[in-house]
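Residue numbers (the UniProt record's numbering), protein chains in the order written: chain E, 1 to 252; chain C, 1 to 248.
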């Protein structure tokens, strides 16, 4: 954790030194100090737009995760439906979400709805596939044991397969938390009247590169906070899962 | 003595059994006496686990064949199954794993009995709230045994139940399970001649391809027999030779 922080600090110092040495004009690459000033200067506006982007991300994450979990459950519980739904699931990913962003804006408007839809679409797939995979990979011995114990189909699903698949679902949710900001910001780029993506486009148009960087910095902080919060919550909720990728466990 | 409360059963496969077009078991007629322990011994891949799964109802009985209890009633619901892996649910604590059967059937768990089982298999009350990840391999097998006993079924099927633990633990677990499962109809599948000779009232070796069970003599004395008994060690040597032949 401290090392990661030091690495980031080193990168910022390198950036500052580079700007200072090469004397790049600030509209091409503003120095970090200048970005910090812009951040302080425009804080109220940035904060306002950040709140909008954050709500888009969180709503998209909630909707996409719910949809993904429901799809995985339907896929595993309903054999007939699998033949219909699996191809649809693949097709939904074959169409690049970025390509349908203008359509979503056209249909759902410039407001928050089109961005939530974008984030939902991008999150849905990793959650659905990770959970479905987990549900299919229940330890066969565990299924045998449950069968000899007289478990019904529904009980087998709820009390064995779903809990056994929770660590897989957690991996899907971690990926979802990492990609959720992409969906929201792409949506804002295509057409919006608010949000950090909109702010960045707006600043870009006026050559306020320092404001762009400031918005980007806030977006990065939000994405990091979201990932760590998700990871923390998942580890508390599913204590038996393998450790997350940040806690390295040396096996001997 | 076969009794109606712990009935014996009979497996009849007049045309053997094939899995995926591959013959696994030859034509056989195997009687497993009630209230006793019967061991099925054989090398890996000899079809002993298949036979066990057949009795457990995990595999469909092939046409013409039958798996029937002596008393005529169905086997389903009267069988407890203990596998090679402990198969503890990592999301449930020790007590939750012992009462897994009731949980899966949607019944209220008998916690007082579960605690008694915990003590029976040699675990302390402080262990009941632990998660499986906090237990050693031997302790996990004890919990699995307690879960099997908790089901309280007259028929117990064991598929190499102690092969995943170290030798001293295995020895202790064998003595423990022999004591706790006494009086039940036990079908024990193992590749360990010593385990079969210590625990079983009768032993069958799966021989040939496709395999058929062949009865072999068992040392005198009631199980669990002491591992140091010269007659038992002699029988173990003979059985090992026989198993080696069965592989070749």
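Heads up, the beta-carbon is just placed ideally off N, CA and C, and yes, glycines get one too.
Taking a cut-off of 8 Å for Cβ pairs, the region 156-170 of chain E and the region 197-210 of chain E do not touch, as fewer than three such pairs fall below it. For residue 81 of chain C, the beta-bridge partners assigned by DSSP are C:157. Chain E has no Cβ within less than 7 Å of the Cβ of residue 109 of chain C. In chain order, 104 make up the part of chain C whose C-beta sits under 7 Å from the C-beta of residue 146 of chain E.
In this structure, residue 104 of chain E keeps its C-beta atom at 7 Å or more from the C-beta atom of residue 94 of chain E. Here residue 62 of chain C has 17 as same chain residues with Cβ atoms under 6 Å from its own Cβ, once five neighbours each way along the sequence are excluded. Under DSSP, residue 27 of chain E forms no beta bridge with any residue. Proximity of chain E to residue 74 of chain C at the Cβ level (cut-off 7 Å) is not reached, the minimal Cβ distance being about 12 Å. Closer than 7 Å to the CB of residue 96 of chain C there is not a single CB belonging to chain E. Around the CB of residue 171 of chain E, 16 or more other CB atoms lie within 10 Å, so the residue is classed as buried. Under DSSP, residue 57 of chain E shares a beta bridge with no residue. For the C-beta of residue 85 of chain C, the chain E residues within less than 7 Å are, from N- to C-terminus, 141. Contact annotation: residue 137 of chain C and residue 165 of chain C have beta-carbon atoms nearer than 7 Å. Residue 188 of chain C and residue 66 of chain E have their C-alpha atoms some 46 Å from each other. Residues of chain C whose Cβ lies closer than 7 Å to the Cβ of residue 171 of chain E do not exist, since the nearest Cβ in that chain is about 16 Å away. In the structure shown, the three-state DSSP call for residue 66 of chain C is strand.
Less than 7 Å separates the beta-carbon of residue 101 of chain C from that of residue 151 of chain C.
Apart from the 5 residues on each side of it in sequence, residue 199 of chain C sits with its Cβ closer than 7 Å to the Cβ of 37, 39, 174, 178, 188, 223, 224 in its chain, given in chain order.
Note on the region 38-85 of chain E: whole alpha helix (DSSP H) runs with a minimum of 4 residues are 43-77, in chain order.
Taking a contact to require three or more Cβ pairs closer than 8 Å, the region 137-146 of chain C and the region 191-199 of chain E do not qualify as touching. Against chain C, the beta carbon of residue 236 of chain E has no neighbour under 9 Å; the closest one sits roughly 14 Å away. For residue 119 of chain E, no beta strand (DSSP E) run applies; the uninterrupted alpha helix (DSSP H) run containing it begins and ends at 112-136, by DSSP.
For residue 151 of chain E, the neighbours in chain C by C-beta distance under 7 Å run, in chain order, 104, 105. Interface with chain E (7 Å Cβ-Cβ cutoff): residue 77 of chain C is included. Closest in alpha carbon position to residue 39 of chain E, among E:231, E:230, E:214, is E:214. Contact between residue 52 of chain E and residue 187 of chain E does not hold, since their C-beta atoms are separated by about 11 Å, which reaches or exceeds 8 Å. Going by beta carbons, residue 104 of chain C and residue 149 of chain E fall inside the 7 Å limit. Per DSSP, the unbroken beta strand (DSSP E) holding residue 10 of chain C starts and ends at 9-13. Residue contact check for residue 58 of chain C against chain E: a CB pair falls below 7 Å.
Per DSSP, residue 43 of chain C lies in no alpha helix (DSSP H) and is assigned neither H nor E. The DSSP-derived three-state label of residue 162 of chain C is coil.
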